[in-house]
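S.K.: Below you will find the structure I want to go over with you.
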Amino acid sequence: MLNLKKLIPHRTVHFVGIGGSGMSALAVILLERGYKVSGSDIRASTITRRLEHKGAKVWLGHKAENLSKRPDVVIYSSCIRSDNIELILARKNKIALLKRGQLLAYLMREKKSIAIAGAHGKTTTTALIALLLKNAGLAPSFAVGADVTELAGNAQAGAGEYFVAEADESDASFLYLTPDYGIITNIDREHLDYYGNLRQIIKAYAKFIKNINEKGFLLCGGEDRNIKKALAGYRGKLLTYGLDRKLDICASGISCREMSTAYKCYFKGKFLGKFHLRVPGTHNVINSLACVGMGLVLEIPLKVIKKTLAAFSGANRRFQIKNKKGPIIVIDDYAHHPTEIMATLAAAKAWKGRRLVSVFQPHRYSRTKFLKKEFGSCFALTDHLVITDIYAASEVPIKGIEAKTIYDQVKKCGHKDVHLLPRDKINEHIINNVKAGDLLMVLGAGDISNLSEELIGRLASRKFL
154 MLNLKKLIPH RTVHFVGIGG SGMSALAVIL LERGYKVSGS DIRASTITRR
204 LEHKGAKVWL GHKAENLSKR PDVVIYSSCI RSDNIELILA RKNKIALLKR
254 GQLLAYLMRE KKSIAIAGAH GKTTTTALIA LLLKNAGLAP SFAVGADVTE
304 LAGNAQAGAG EYFVAEADES DASFLYLTPD YGIITNIDRE HLDYYGNLRQ
354 IIKAYAKFIK NINEKGFLLC GGEDRNIKKA LAGYRGKLLT YGLDRKLDIC
404 ASGISCREMS TAYKCYFKGK FLGKFHLRVP GTHNVINSLA CVGMGLVLEI
454 PLKVIKKTLA AFSGANRRFQ IKNKKGPIIV IDDYAHHPTE IMATLAAAKA
504 WKGRRLVSVF QPHRYSRTKF LKKEFGSCFA LTDHLVITDI YAASEVPIKG
554 IEAKTIYDQV KKCGHKDVHL LPRDKINEHI INNVKAGDLL MVLGAGDISN
604 LSEELIGRLA SRKFL
């Protein structure tokens, strides 16, 4: 099997779409390991500027001349179309092409690998485990799907023996991985544009489980019925976690406040103590239990595990408070799947006495098509809802599928205060409709996060009665 030294003899790598969260993480790791990294993206961003600061050459726009220095290998993600000019040129000139997931697999084979898979909670769980290993003095390499303050970014090439990374199931690229330790947070009806149905998704996770090192360890959400199906026939080492007291690692007595959570933690019936989180929501309690389990497997002292959970302030765009002062609290969140939206809104309800105003930008036409009924019912907890245009994320529009598709489903489910607005009308609507004491949630995986920045200044200058 090829190793990186043979694959990249001159240590030159080009990333097509270098500004993506997953791509940029691998670019950072290669830069820190001394590789010459170049890349292209359609627009400049905080991520591309950071990569340039670290030494990468970044071009704006995809062009043939971006490959003029002929790198050893060109890396691309599933977001890049096959007719991309840089991919066409690489094939023509017989430059090696690797998917992002393949490069990650090469990097992880060099270390003891910890791969975190699942429809929801991957980023937070990965960040927690990377931070735990860092706090334990294990100097891990890691690739996280978002920036994390306590990790000073989204990736690092650590000197230690462990590599912690998200395992991307969206295009089944997580099947390139052969981890020593696997974690599955949950399995849900997601990425149906690729899989077609839930049965195929479960089959893919079953293959992921089989790819785990036979001497390794698997941790998984023990209450998830789809995970139970994927586990059929698995005979390896296994720890389950969740809220059920019958599971190996469980939480009880959960107390949720505005931006903190506390719970009692048990391992196989033994009380481990009271744990504290700086992130809200029962879903984050469950994410943290995966971190507890990984810490126990690696024999990390319990006090380090507790300290890590108490210090973690969350990943970027995961219930991120954008302003801590003022009559309106603005929270930016990546939630774009009905399950995630329900969990996020439930966490927001811990802010007692506040009216919940939500702005949602649907992400992908295919997700809207396959999950339209679920989108109809997932906003029940929000008091005032604004739905805006679908963020295509490189998808071609699907006839009959638009933002109104979700709007109609929400209305059908009985929501009394829902509005359908184009992006350029949202600011004025929010300014005219929010009240002092409201909690404003900006939801979606597209560019809707810019809205929170736009609104903060205008809300701060407005006088509320």
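Residue numbers for the sequence shown follow the working numbering, so the first one is 154 and each next one is one higher.
Glycine is no exception: its CB is placed at the ideal position from the N, C-alpha and C atoms.
Determine whether the beta carbon atoms of glycine 448 and tyrosine 329 lie at a separation below 8 Å.
M.R.: Against a cut-off of 8 Å, the Cβ pair of tyrosine 329 and glycine 448 comes out as no contact.
S.K.: Skipping 5 residues on each side, what residues in its chain have a beta carbon closer than 8 Å to that of tyrosine 394?
M.R.: Taken in chain order, the residues that qualify are Leu372, Cys373, Gly374, Gly375, Leu400, Asp401, Ile402, Cys403, Ile439, Leu442, Ala443, Val445, Gly446.
S.K.: On the CB-based measure, 16 or more other CB atoms within 10 Å of its CB, does aspartate 486 come out buried or exposed?
M.R.: Buried: at least 16 other Cβ atoms inside 10 Å.
S.K.: Excluding the 5 residues preceding and the 5 following lysine 502 in the sequence, name in chain order all residues of the same chain whose CB lies nearer than 8 Å to its CB.
M.R.: Closer than 8 Å at Cβ, skipping near neighbours: Leu509, Leu534.
S.K.: For isoleucine 269, tell me which candidate among Gly313, Ile365, Pro550 has the shortest Cα-Cα distance.
M.R.: Per the Cα distances, Ile365.
S.K.: Who are methionine 261's beta bridge partners in DSSP?
M.R.: None, per the DSSP bridge assignment.
S.K.: For arginine 186 and leucine 592, I'd like the C-alpha separation in whole angstroms.
M.R.: Cα-Cα distance, rounded: 44 Å.
S.K.: Assuming leucine 430 and threonine 414 are in contact, meaning their beta carbons sit under 8 Å apart, how far apart are those beta carbons, in whole angstroms?
M.R.: With 8 Å as the limit, leucine 430 and threonine 414 qualify as a contact, their Cβ atoms being about 4 Å apart.
S.K.: Which two residues bound the contiguous beta strand (DSSP E) that contains tyrosine 334?
M.R.: Taken as a continuous stretch (DSSP letters only), the beta strand (DSSP E) holding tyrosine 334 covers 334–337.
S.K.: Pick out the complete beta strand (DSSP E) segments inside the region 366–406, 3 residues or longer, and give them in chain order.
M.R.: Taking only runs of at least 3 residues, the beta strand (DSSP E) segments lying wholly in the region 366–406 are 370–374, 390–395.
S.K.: Is the region 216–233 close to the region 241–248, with three or more CB pairs under 8 Å?
M.R.: Touching, yes, given that three or more Cβ pairs across the two stretches are closer than 8 Å.
S.K.: Could you say which of Lys252, Lys189, Thr541 lies nearest to histidine 572 if we only look at CA atoms?
M.R.: Here the closest residue by C-alpha is Thr541.
S.K.: Rounded C-beta distance between isoleucine 361 and phenylalanine 327? I'm assuming under 8 Å.
M.R.: For the sequence presented, residue 361 should be read as phenylalanine rather than isoleucine. Confirmed, about 6 Å.
S.K.: Would you tell me roughly how many angstroms separate the C-alpha atoms of aspartate 536 and cysteine 566, rounded to the nearest one?
M.R.: Near 14 Å, if we compare the C-alpha coordinates of cysteine 566 and aspartate 536.
S.K.: What is the DSSP secondary structure of aspartate 194, counted as helix, strand or coil?
M.R.: Strand.
S.K.: Using alpha carbons as the reference points, say which of Arg398, Tyr358, Gly386, Lys363 lies closest to isoleucine 380.
M.R.: Closest option to isoleucine 380, Cα to Cα, is Tyr358.
S.K.: Would you report the Cα separation of aspartate 600 and tyrosine 544, rounded to the nearest angstrom?
M.R.: Distance between the alpha carbons of aspartate 600 and tyrosine 544 is about 8 Å.
S.K.: Check whether the region 274–291 and the region 454–463 are in contact - that is, three or more C-beta pairs closer than 8 Å.
M.R.: At 8 Å Cβ cutoff, the stretches touch.
S.K.: Just to confirm, is the Cβ distance from leucine 260 to phenylalanine 316 under 8 Å?
M.R.: Yes, they are a contact pair.
S.K.: Go through its chain and collect everything with a Cβ distance to aspartate 324's Cβ below 6 Å, but skip five positions before and after it.
M.R.: If we look at aspartate 324 and ignore the five residues flanking it on each side, its Cβ neighbours are Ser231, Tyr347.
S.K.: Buried or exposed for glutamine 309, going by 16 or more other Cβ atoms inside 10 Å?
M.R.: Glutamine 309 comes out buried.
S.K.: With a CB to CB cut of under 6 Å and the five nearest residues on each side skipped, what residues in its chain are close to alanine 468?
M.R.: Excluding positions up to five away in sequence, the list reads Thr276, Thr277, Ala280, Ala299, Val301.
S.K.: Which whole-angstrom value describes the C-beta separation of leucine 257 and alanine 318, a residue pair presumed to lie in contact below a C-beta threshold of 8 Å?
M.R.: At roughly 6 Å, the Cβ-Cβ gap stays under 8 Å, so leucine 257 and alanine 318 are in contact.
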